[in-house]
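Number of protein chains: 4
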Amino acid sequence: MKGFAMLESNKVGWIEKERPIAGPYDAILRPLALAPCVSDIYTAYQSQLNYRENLILGHEAIGEIVEVGEKVKDFKTGDKVIVPAITLDWKSNESNNTFEQQIFGRRYSNIKDGVFSEYFHVNDVDMNLALLPEDISLETAIMLTDTVSTGLHAVELAEVDYNDTVVVLGTPSISLMSVAGAKLKGARRIIVVGTNKESIDAAKFYGATDIIYHKYGPISDQILELTKGEGVDKALVSGMDSDAITNAVKVVKPGGYIGNVNHFGSGERFSIPRLEFPRDTKLSIMGKITPGGRKRMEKQIELVTSGTIDPSKIVTHVFHGFEKIEDALNMMKTKSLDLIKPVVIL
Amino acid sequence: MKGFAMLESNKVGWIEKERPIAGPYDAILRPLALAPCVSDIYTAYQSQLNYRENLILGHEAIGEIVEVGEKVKDFKTGDKVIVPAITLDWKSNESNNTFEQQIFGRRYSNIKDGVFSEYFHVNDVDMNLALLPEDISLETAIMLTDTVSTGLHAVELAEVDYNDTVVVLGTPSISLMSVAGAKLKGARRIIVVGTNKESIDAAKFYGATDIIYHKYGPISDQILELTKGEGVDKALVSGMDSDAITNAVKVVKPGGYIGNVNHFGSGERFSIPRLEFPRDTKLSIMGKITPGGRKRMEKQIELVTSGTIDPSKIVTHVFHGFEKIEDALNMMKTKSLDLIKPVVIL
Amino acid sequence: MKGFAMLESNKVGWIEKERPIAGPYDAILRPLALAPCVSDIYTAYQSQLNYRENLILGHEAIGEIVEVGEKVKDFKTGDKVIVPAITLDWKSNESNNTFEQQIFGRRYSNIKDGVFSEYFHVNDVDMNLALLPEDISLETAIMLTDTVSTGLHAVELAEVDYNDTVVVLGTPSISLMSVAGAKLKGARRIIVVGTNKESIDAAKFYGATDIIYHKYGPISDQILELTKGEGVDKALVSGMDSDAITNAVKVVKPGGYIGNVNHFGSGERFSIPRLEFPRDTKLSIMGKITPGGRKRMEKQIELVTSGTIDPSKIVTHVFHGFEKIEDALNMMKTKSLDLIKPVVIL
Amino acid sequence: MKGFAMLESNKVGWIEKERPIAGPYDAILRPLALAPCVSDIYTAYQSQLNYRENLILGHEAIGEIVEVGEKVKDFKTGDKVIVPAITLDWKSNESNNTFEQQIFGRRYSNIKDGVFSEYFHVNDVDMNLALLPEDISLETAIMLTDTVSTGLHAVELAEVDYNDTVVVLGTPSISLMSVAGAKLKGARRIIVVGTNKESIDAAKFYGATDIIYHKYGPISDQILELTKGEGVDKALVSGMDSDAITNAVKVVKPGGYIGNVNHFGSGERFSIPRLEFPRDTKLSIMGKITPGGRKRMEKQIELVTSGTIDPSKIVTHVFHGFEKIEDALNMMKTKSLDLIKPVVIL
Ligand SMILES: [Zn+2]
Ligand SMILES: [Zn+2]
Ligand SMILES: [Zn+2]
Ligand SMILES: [Zn+2]
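Residue numbers (our numbering), protein chains in the order written: chain A, 37 to 382; chain B, 37 to 382; chain C, 37 to 382; chain D, 37 to 382.
Set out below in structure tokens:
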């Protein structure tokens with residue numbers, strides 16, 4: 037079968053591999069929709085650490101089950117399903133520990149082939165997959181696999197509360213879901229850094245109350261001015277930019293929280309401003325990758341079917357045809373001006 | 037009256053000032069015991085930010101009440117009392133917010149004259165002071181004002197739990213109380229960096245199970261080796277050293293906590309190792325200064341009178357006479373080899 | 037001066053008392069608006085425990101400052117202010133402890149005369165009062181003193197989260213604010229027991245998604261049926277009805293929370309169904325009275341001025357003239373059919 | 037094979053059953069040690085609700101693996117292992133939710149045959165079993181399966197903290213481990229109700245500071261007297277006695293916690309004293325059964341091997357031979373005077 041892979045460090049391309057085989061609790065899927073992610077760019081171009089070669093990329097997919105293990109109870113061939121980016125192996129001791137679950141749950145294009153493939157493998161499907169409801173489009177559903185889950189997780193880590201003033205810093209797609217999540221939890225004021233027109237419109241749609249711009253000066257200064265010097269209650273940080281955490285530290289109030297789902301993609305260290313953080317050593321930085329699994333996915337599906345969150349506004353570009361995953365990924369790498377998130381429909 | 041002050045940046049010395057006056061909820065005390073602190077060194081020599089001049093230093097004191105406001109209910113002239121380093125103004129709106137309490141509670145040698153003085157002022161004494169029990173010595177009691185409270189607070193921030201493996205990094209005096217606090221909360225393994233013989237003996241007394249040394253290589257490598265590559269559950273960071281937080285980030289397990297009561301005393305930024313922190317963005321850094329006030333102090337007194345914690349092992353040098361505060365502070369600055377904490381008895 | 041008082045157990049009426057005097061941190065107010073509360077009924081008619089006589093009733097008031105202590109910094113004569121039902125004495129040791137604050141903060145008609153009086157006393161006004169903004173009506177503002185604060189507190193205790201299914205059980209007025217608070221925190225489904233048309237309309241306005249009725253069978257059966265036997269994530273209990281907590285225990289899921297701000301007004305014991313609670317001993321009951329103080333009140337004011345919550349829908353009856361407090365209280369006692377909450381404007 | 041079973045309601049006896057078969061992730065064990073539990077009495081004699089017949093009793097066992105599924109990675113035939121009373125099915129969707137895990141984890145003598153059998157089945161052994169270290173005796177190890185885990189869980193639920201005053205109410209065996217856990221977390225004062233000499237000696241060994249006796253009056257009165265009317269910070273409730281929770285409510289301070297691992301074994305309702313609970317509606321009742329699984333068991337093993345907790349003091353009676361499980365269970369039922377916990381060694 038054909039897949040789009042990280043061939044070696046800084047080199048991606050098409051590859052031919054054996055179709056995977058399902059164990060008794062597993063399934064094989066063919067993709068119905070795929071989406072590239074900043075993490076794919078990070079994996080392919082910026083991480084010299086865990087050297088990987090000829091590994092198929094991708095961890096965001098909607099699929100149809102074409103083969104299913106004999107022990108699977110809740111799914112059958114032909115089911116259309118949402119595949120969480122984080123798929124835990126519930127049958128090993130790691131599943132006893134929440135944090136290990138998440139780290140070992142990053143399987144796709146990390147410890148096994150990813151989903152940019154004619155067929156891909158899902159482990160422990162009764163605990164990981166969720167049925168795709170008929171009334172959710174593929175473009176919407178694929179946003180649930182990672183973008184919605186990670187965006188909401190920043191909100192959860194920072195314990196956003198009603199009446200909070202919140203700043204959201206980072207990758208547009210995840211940030212927009214952090215905006216929607218902050219509003220959902222009752223934040224009164226939500227400050228966002230504007231980039232392109234598309235993301236600004238979407239930010240307002242999801243509940244942003246204030247847009248600030250790089251061209252008007254340092255981000256932290258603008259936030260402090262907007263809040264009359266008080267700073268914000270919570271900062272939600274995503275993406276690959278270590279400036280984001282620096283700005284967050286500068287503007288969060290004493291007693292505030294930073295919810296971090298950032299990857300900090302380059303350089304050996306990132307630094308934190310001493311004068312703000314330490315003087316009154318005052319805040320909490322919580323960082324984790326998003327939890328995965330079926331129950332969380334089913335909860336997110338309810339957010340969509342009840343009309344609470346409509347993730348479709350994040351999707352700015354829709355490609356058609358499996359081979360277009362190459363163009364979509366490239367668009368992510370070059371960060372075309374009007375991009376938030378591209379999707380490939382098969 | 038006479039006091040030992042920060043005269044200007046990087047210059048300390050004796051000064052003559054007016055004796056303070058007590059408001060209706062306040063008191064004037066004469067010191068019975070005084071102790072210098074790393075914070076005093078930080079204030080006098082390393083903080084060019086909040087410029088202060090002719091401000092009396094010191095925030096650790098045991099005193100006798102010589103004058104008391106008419107609205108004070110629970111204390112009278114002649115009472116011997118323990119003065120928390122953090123004395124909140126409970127009569128202003130700041131007292132509605134825990135974090136503001138702590139920031140504005142840093143009054144001594146920050147927004148008013150400190151305690152290295154023939155007389156000093158205490159605000160809101162019913163809510164801030166605690167009676168000195170007869171069976172606690174002055175040397176022991178003065179450790180409660182800041183060292184015990186701050187050391188325990190690192191333990192509280194990191195949510196140390198039974199069976200935890202903990203590493204304690206930072207200033208010997210505060211660290212030792214973090215060791216005692218970690219043991220009190222059931223930590224099974226407590227790793228400490230050995231400096232001088234005095235602090236190593238004290239660390240073992242308070243419950244350290246493993247001592248590591250700078251001379252045997254990078255601290256983080258040694259901790260990882262000791263824990264078979266697993267790292268520690270919690271790291272407790274105090275003092276003025278930004279390497280401490282870097283090491284903490286390197287050795288804390290996924291899902292672990294860093295409890296930080298550090299001041300990060302120099303340089304414009306401190307940096308965090310990208311490769312450890314970000315890849316699986318995994319931990320929580322909680323930072324605050326210690327809470328103050330009477331109830332917390334009374335709780336700490338119970339820890340001493342019940343024999344749970346004996347802070348006297350931290351005191352390595354006892355001076356006699358008010359004017360010896362200069363020598364004690366100087367000893368703190370030059371970090372004499374056998375020093376943990378000096379005390380001046382009047 | 038004249039006041040409406042609890043004269044003896046089960047007997048209320050007008051009384052003549054001395055006008056109170058303000059201490060240095062206090063103020064004397066004349067009421068602009070007053071509201072009776074279920075707690076007043078409880079105090080006057082159902083609590084044989086703390087015997088009180090000739091005590092002026094009432095703890096919900098908007099007032100104008102007519103006299104102010106010399107130490108008060110942020111308020112002056114003529115200021116129109118919102119008075120929290122819970123006014124803490126921040127100048128005593130009790131203020132070091134959150135729970136004691138709340139218990140000792142119940143001053144009005146408990147340890148001192150209440151607000152149903154020509155003049156009433158407020159302690160520690162810098163920490164307790166909040167300025168009434170010009171664009172908030174008296175009817176709306178007086179709901180903030182207790183009803184909004186207590187209703188939101190049930191939501192806080194139960195840790196209502198986004199996507200939760202919530203049931204709200206208890207006194208209509210407080211319950212309606214629990215509905216608004218649950219919606220504000222992202223609850224997806226909010227179940228309410230319908231009583232009169234006014235409270236049903238208001239419940240829908242504040243975000244209730246399902247209304248159930250006593251006439252259709254046991255409340256707990258209906259809730260379980262609505263949730264396909266799964267039960268609810270959270271139950272919010274207010275008022276004086278011990279059936280409410282029984283129903284809550286029966287319908288909350290394993291791992292769920294009950295947020296209780298109930299007074300449980302009569303009988304010596306209330307009982308909990310053994311078969312539901314114990315079998316899998318599974319849930320958490322959190323109970324507290326609402327926090328008080330200025331900061332919380334200012335936060336609630338922001339909820340109103342930002343249009344987030346409009347408490348005016350709770351007010352079903354408006355009386356005019358001080359002496360009408362008697363009618364309003366009586367209406368509360370007899371529970372007239374179309375009542376949610378009466379207000380008296382002076 | 038032979039097993040000791042609940043034959044019908046209120047009737048126990050020996051039964052002949054088929055030896056169970058191991059699935060790919062499972063194992064079959066033969067018992068090395070067995071212990072009866074108050075839960076077995078509850079199942080057999082007091083619970084008319086979930087009618088069960090011919091179900092083998094028992095959930096506390098140390099065993100030797102005699103057969104192991106092909107997918108099991110960490111265990112092999114001949115391994116001696118500790119079997120947690122709660123064995124989760126990690127391969128179904130229930131494992132995504134902590135609370136469901138615990139409820140569905142109660143498999144033995146609930147939804148499948150228990151361990152009082154010549155052979156018994158363990159599901160998902162990589163996630164549930166823990167290797168028995170050579171230096172832990174069978175008598176000690178079997179206490180880890182339920183008694184230690186449940187006793188510690190009460191401590192965890194109540195968030196026992198250093199310096200706390202704690203009362204422990206309930207079944208002697210579990211209570212004693214709550215005493216040990218409270219001490220481990222730094223409780224300063226631990227009050228226990230004395231029954232027989234054995235449990236009093238053991239309570240003192242584990243850290244009890246005060247013993248009270250039924251003969252000297254109501255338990256709650258004695259506790260209030262001991263604490264000068266202040267009450268306790270935390271109450272730890274275990275066993276089958278609904279008086280325990282009533283007493284707990286009466287003596288816990290405002291802001292305190294009750295950690296409940298009680299089964300409340302009889303009657304349709306249990307009641308809570310209205311006057312104490314409601315007046316200042318003030319406390320939190322957390323109730324859950326103990327978590328299970330391998331990681332928790334391995335953590336408990338470390339508590340024993342490090343000498344932190346020695347559970348052997350709970351074992352008052354040791355029987356030898358499989359068939360003695362009948363005598364041991366009967367001893368539990370009749371509550372012989374000098375009993376804490378009996379064990380059967382095979
Ligand atoms: Zn992604
Ligand atoms: Zn200090
Ligand atoms: Zn009220
Ligand atoms: Zn048991």
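For glycine and all other residues, C-beta sits at the position ideal for the given N, C-alpha and C. Just so we're clear, the structure is a prediction, and the values are computed from it rather than from any experiment.
> Smallest Cα separation from A:G343: which of A:L220, A:L68 and A:E261?
Replying inline: If you number the first sequence from 1, residue 343 of chain A lands on position 307. The shortest C-alpha separation from A:G343 is found at A:L220.
>> Quick check on C:G357: buried or exposed, where buried means 16 or more other Cβ atoms within 10 Å of its Cβ?
In response: Translated into positions along the third sequence, residue 357 of chain C becomes position 321. With fewer than 16 other Cβ atoms inside 10 Å of its own Cβ, C:G357 counts as exposed.
>> To test your reading of the DSSP string, which unbroken beta strand (DSSP E) runs of 3 or more residues are found completely within the segment 109-183 of chain A?
In response: 116-119 and 156-158
> Taking a cut of 8 angstroms between CB atoms, which residues from the segment 215-238 of chain D lie near chain B?
Replying inline: G217, L220, K221, G222 and R224
>> Please state the DSSP three-state secondary structure of A:K233.
In response: Position 197 of the first sequence, counted from the first residue, corresponds to residue 233 of chain A. In the structure shown, A:K233 sits in a helix (DSSP, three-state: H, G or I).
> DSSP puts A:R66 in a beta bridge; with which residues?
Replying inline: Walking along the first sequence from the start, residue 66 of chain A turns up at place 30. Paired residues: A:E100.
> Using the C-alpha atoms, what's the distance from B:K109 back to D:I201?
Replying inline: If you number the fourth sequence from 1, residue 201 of chain D lands on position 165. If you number the second sequence from 1, residue 109 of chain B lands on position 73. It should be noted that the sequence gives Thr, not Ile, for residue 201 of chain D. Straight-line Cα distance between these residues: approximately 27 angstroms.
> Does any CB atom of chain C fall closer than 8 angstroms to the CB of A:N199?
Replying inline: Against the first sequence, residue 199 of chain A aligns to sequence position 163. Yes, contact with chain C.
> Does the segment 138-158 of chain C come close enough to the segment 182-192 of chain C that 3 or more CB-CB pairs lie under 8 angstroms?
Replying inline: no
> With a CB to CB cut of under 7 angstroms and the five nearest residues on each side skipped, what residues in its chain are close to A:T181?
Replying inline: Taking the first residue of the first sequence as position 1, residue 181 of chain A is located at position 145. Its chain contains E96, A97, I118, V119, P120 and A121 as the residues whose beta carbon lies nearer than 7 angstroms to that of A:T181, once the 5 sequence neighbours on both sides are disregarded; these appear in chain order.
> Is it buried or exposed for A:K327, if we count other Cβ within 10 angstroms and need 16 for buried?
Replying inline: Along the first sequence, read from residue 1 onward, the residue named residue 327 of chain A stands at position 291. It should be pointed out that residue 327 of chain A corresponds to Pro in this sequence rather than to Lys. Looking at its Cβ environment, which holds 16 or more other Cβ atoms inside 10 Å, A:P327 is buried.
> How far does the alpha helix (DSSP H) with C:A194 in it reach, from first residue to last?
Replying inline: Taking the first residue of the third sequence as 1, we reach residue 194 of chain C at position 158. Taken as a continuous stretch (DSSP letters only), C:A194 belongs to no alpha helix (DSSP H), as it is neither H nor E.
> beta strand (DSSP E) containing A:N378: first to last residue?
Replying inline: Here residue 378 of chain A refers to the residue found at position 342 when the first sequence is read from its first residue. Reading the sequence as shown, one finds Pro at residue 378 of chain A and not Asn. Counting along the chain, the beta strand (DSSP E) containing A:P378 begins and ends at K377 to I381.
>> So the candidates are A:Y61, A:K47, A:R66 and A:N46; which of them puts its Cα closest to the Cα of A:R55?
In response: Counting from 1 along the first sequence, the entry for residue 55 of chain A is found at position 19. With distances taken between Cα atoms, A:R55 lies closest to A:R66.
> Does the beta carbon of C:K335 sit closer than 8 angstroms to a beta carbon anywhere in chain A?
Replying inline: In the third sequence, residue 335 of chain C corresponds to position 299, counting from 1. Closer than 8 angstroms to some Cβ of chain A, the Cβ of C:K335 qualifies, so yes.
> Over what stretch of residues does the alpha helix (DSSP H) that includes C:T201 continue unbroken?
Replying inline: For this step, residue 201 of chain C is matched to residue 165 along the third sequence. No alpha helix (DSSP H) holds C:T201; the beta strand (DSSP E) holding it covers T201 to L205.
> Using DSSP with H/G/I as helix, E/B as strand and the rest coil, what is B:L373?
Replying inline: Counted from its first residue, the second sequence places residue 373 of chain B at position 337. Correct three-state label for B:L373: coil.
> Got a sec: which bits of the segment 172-200 of chain D sit with their beta carbon under 7 angstroms from any beta carbon on chain B, in order along the chain?
Replying inline: If the cut-off is 7 angstroms between Cβ atoms, the segment 172-200 of chain D has Y198 and N199 near chain B.
> Where does A:T263 sit, in a helix, a strand or coil, going by DSSP?
Replying inline: On the first sequence, position 227 is the one that residue 263 of chain A refers to. Of the three classes helix, strand and coil, the one that applies to A:T263 here is coil, per DSSP.
> So what does A:I325 bridge to, in DSSP terms?
Replying inline: Along the first sequence, one-based indexing puts residue 325 of chain A at 289. Answer by DSSP bridge pairing: none, since A:I325 is not bridged.
> Taking the alpha-carbon positions, what's the C:V340 to C:L167 distance?
Replying inline: Within the third sequence, the letter at position 304 stands for residue 340 of chain C. Within the third sequence, the letter at position 131 stands for residue 167 of chain C. The alpha-carbon atoms of C:V340 and C:L167 are separated by roughly 13 angstroms.
> By a C-beta neighbour count over all protein chains shown, 10 Å radius and 16 as the cutoff for buried, is B:P387 buried or exposed?
Replying inline: There is no way to answer for residue 387 of chain B, as the model of chain B reaches only from 37 to 382.
> Where do the ends of the beta strand (DSSP E) carrying B:E334 lie?
Replying inline: Here residue 334 of chain B refers to the residue found at position 298 of the second sequence. It is not in any beta strand (DSSP E) - B:E334 instead sits in the alpha helix (DSSP H) that spans R330 to T341.
>> So, does the segment 280-287 of chain C touch the segment 243-257 of chain C, judging by three or more C-beta pairs under 8 angstroms?
In response: Taking one beta carbon from each stretch, the segment 280-287 of chain C and the segment 243-257 of chain C have 3 or more pairs nearer than 8 angstroms; the two touch.
>> Rounding to the nearest angstrom, what Cα-Cα distance links D:M37 and D:E359 in this structure?
In response: Translated into the one-based positions of the fourth sequence, residue 37 of chain D becomes position 1. Translated into the one-based positions of the fourth sequence, residue 359 of chain D becomes position 323. Distance between the alpha carbons of D:M37 and D:E359 is about 13 angstroms.
> Would D:T123 be called buried (16 or more neighbouring beta carbons within 10 Å of its own) or exposed?
Replying inline: For this step, residue 123 of chain D is matched to residue 87 along the fourth sequence. The residue in question, D:T123, is buried, as its Cβ has 16 or more Cβ neighbours within 10 Å.
> At which residues does the beta strand (DSSP E) containing A:A41 begin and terminate?
Replying inline: Locating residue 41 of chain A in the first sequence gives position 5, counting from the first residue. Here the beta strand (DSSP E) through A:A41 covers K38 to E44.
> Excluding sequence positions up to five away, which residues of its chain have a Cβ less than 6 angstroms from the Cβ of D:I376?
Replying inline: The count along the fourth sequence starts at 1 and reaches residue 376 of chain D at position 340. Correct list, in chain order: P208, S209, E234, S235, I350 and T352.
> In terms of residue numbering, what span does the beta strand (DSSP E) encompassing C:V354 cover?
Replying inline: Position 318 of the third sequence, counted from the start, is the residue given in the question as residue 354 of chain C. Its beta strand (DSSP E) spans residues V351 to H356.
>> Less than 8 angstroms between CB atoms is the rule here; does D:L339 satisfy it with respect to chain B?
In response: Taking the first residue of the fourth sequence as position 1, residue 339 of chain D is located at position 303. Yes - at least one Cβ of chain B is within 8 angstroms of the one on D:L339.
> Which bits of chain B does D:S342 rub up against, with CB to CB less than 7 angstroms?
Replying inline: Translated into the one-based positions of the fourth sequence, residue 342 of chain D becomes position 306. The answer, in chain order, is R224.
> ligand 4: which residues have Cβ under 6 angstroms from any of its heavy atoms, chain order?
Replying inline: D:C73, D:S75, D:H95, D:E96, D:A121 and D:D182
> Hey, how far is the Cα of A:S274 from the Cα of A:V203?
Replying inline: On the first sequence, position 238 is the one that residue 274 of chain A refers to. On the first sequence, position 167 is the one that residue 203 of chain A refers to. Roughly 11 angstroms between the two C-alpha positions.
> Taking Cβ positions, are A:G94 and A:F152 nearer each other than 8 angstroms?
Replying inline: On the first sequence, position 58 is the one that residue 94 of chain A refers to. On the first sequence, position 116 is the one that residue 152 of chain A refers to. Yes, these two residues count as a Cβ contact at 8 angstroms.
> Considering only C-alpha positions, which residue in the set C:L373, C:N232 and C:V297 is nearest to C:L193?
Replying inline: Here residue 193 of chain C refers to the residue found at position 157 of the third sequence. Minimum Cα distance to C:L193 is reached at C:V297.
> Which stretch, first to last residue, makes up the alpha helix (DSSP H) that contains A:I76?
Replying inline: On the first sequence, residue 76 of chain A is found 40 positions in, with the first residue counted as 1. The question names Ile, but residue 76 of chain A in the sequence shown is Asp. From DSSP, the alpha helix (DSSP H) with A:D76 extends over V74 to I77.
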